[in-house]
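Numbering (the numbering used here), first residue to last: 663 to 928.
Beta carbons are placed, not taken as given, at the ideal position from N, Cα and C, and that holds for glycine.
Let me begin by presenting the structure, written as structure tokens, before commenting on it.
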């Protein structure tokens, strides 16, 4: 089935899950947005969308974003009432789909090319997408050779995908380095001073967590227990003291991985 034909099955009032973070399927988003004149009130869900396709004011009658996280791309729309979000812990989000609280008509995802056994990888972002794939009536995918193949609970067999298109484009990147202020660097340094050698850290997202990580290069025996891997962690792992830092990333039983924000980190 051609991807355009598959996307035409999305009707007004459908609920569509869109893969988020660096895995945002930009090409599929653009194709669906081209049908805006045919659609009304398609509900778009996901976590950390990294493009503003569906929040374009020109498309407000066609698409309504109901995000699982109030990211910078939807925050202003939430404030003016043209979008909404569902407050929930990341660990609770799969229940929304598994318990049919939010039935999904379609999931749009971006994956790596299949291996010789037919398995694609969800790549840099797993988060709630695994639960969405378990429950969506239809799965449409963008297969992108730029998507890293990541181990763990990231694999989707090509036979599980109802329609796909092979379309290569760069993954979306977030460059926080240009937004970091002197005050944030000072905060990061002060926080790092409060962290002991041998500590286990949970990472947040944004400029301050990255400033903290970049101030930890002389620490030792640190462990990371986190749902995400950021540029700050990538920076720390490449420093000369890395051999003495003995940085450990603790494996999580159910992967809700988010990797970002730059191609170097990917």
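If you draw a straight line from the C-alpha of residue i to the C-alpha of residue j, how long is it?
i, j, result
"residue 675", "residue 726", "10 Å"
"residue 840", "residue 853", "21 Å"
"residue 776", "residue 685", "16 Å"
"residue 790", "residue 881", "33 Å"
"residue 698", "residue 797", "25 Å"
"residue 800", "residue 713", "22 Å"
"residue 906", "residue 883", "For residue 906, the predicted model reports a pLDDT of 41, less than 50, meaning its position is unreliable and no value from the coordinates is stated."
"residue 772", "residue 822", "14 Å"
"residue 683", "residue 711", "6 Å"
"residue 735", "residue 779", "37 Å"
"residue 857", "residue 696", "50 Å"
"residue 690", "residue 820", "17 Å"
"residue 850", "residue 702", "45 Å"
"residue 914", "residue 805", "In this predicted model, residue 914 has a pLDDT of only 43, less than 50, meaning its place in the structure is not dependable enough to derive any value."
Considering only DSSP beta bridges, list what residue i is partnered with.
i, result
"residue 862", "885"
"residue 819", "781"
"residue 677", "705"
"residue 728", "746"
"residue 827", "804"
Leaving out five residues on either side along the sequence, give the residues of the same chain with a beta carbon under 7 Å from the beta carbon of residue i.
i, result
"residue 668", "802, 824, 825"
"residue 742", "none"
Less than 6 Å between C-beta atoms, sequence neighbours within five positions excluded: which residues of the same chain meet that for residue i?
i, result
"residue 793", "756, 759, 760"
"residue 847", "873"
"residue 731", "709, 710"
Quick check on the DSSP output: the alpha helix (DSSP H) that includes residue i runs from which residue to which?
i, result
"residue 685", "Residue 685 -> no alpha helix (DSSP H), and no H or E assigned at all."
"residue 665", "665-669"
"residue 870", "869-876"
"residue 793", "791-797"
"residue 771", "Here residue 771 belongs to no alpha helix (DSSP H); instead the beta strand (DSSP E) covers 768-773."
"residue 741", "737-742"
"residue 759", "755-760"
Keeping to the same chain, check which residues put their C-beta closer than 8 Å to that of residue i; ignore five residues upstream and five downstream.
i, result
"residue 678", "672, 694, 704, 705, 706, 707, 766, 767, 768, 769, 770"
"residue 666", "693"
"residue 808", "830, 831, 832, 833"
The beta strand (DSSP E) with residue i in it runs from where to where?
i, result
"residue 854", "It is not in any beta strand (DSSP E) - residue 854 instead sits in the alpha helix (DSSP H) that spans 844-855."
"residue 805", "800-805"
Judging by CA-CA distance, which residue of the options is the nearest neighbour of residue i?
i, options, result
"residue 700", "836, 683, 722, 848", "722"
"residue 859", "814, 844, 764, 877", "877"
"residue 664", "827, 856, 690, 875", "827"
"residue 812", "799, 806, 787", "787"
"residue 751", "842, 729, 719", "729"
"residue 781", "849, 816, 741", "816"
"residue 719", "887, 747, 740", "740"
"residue 749", "733, 844, 702", "733"
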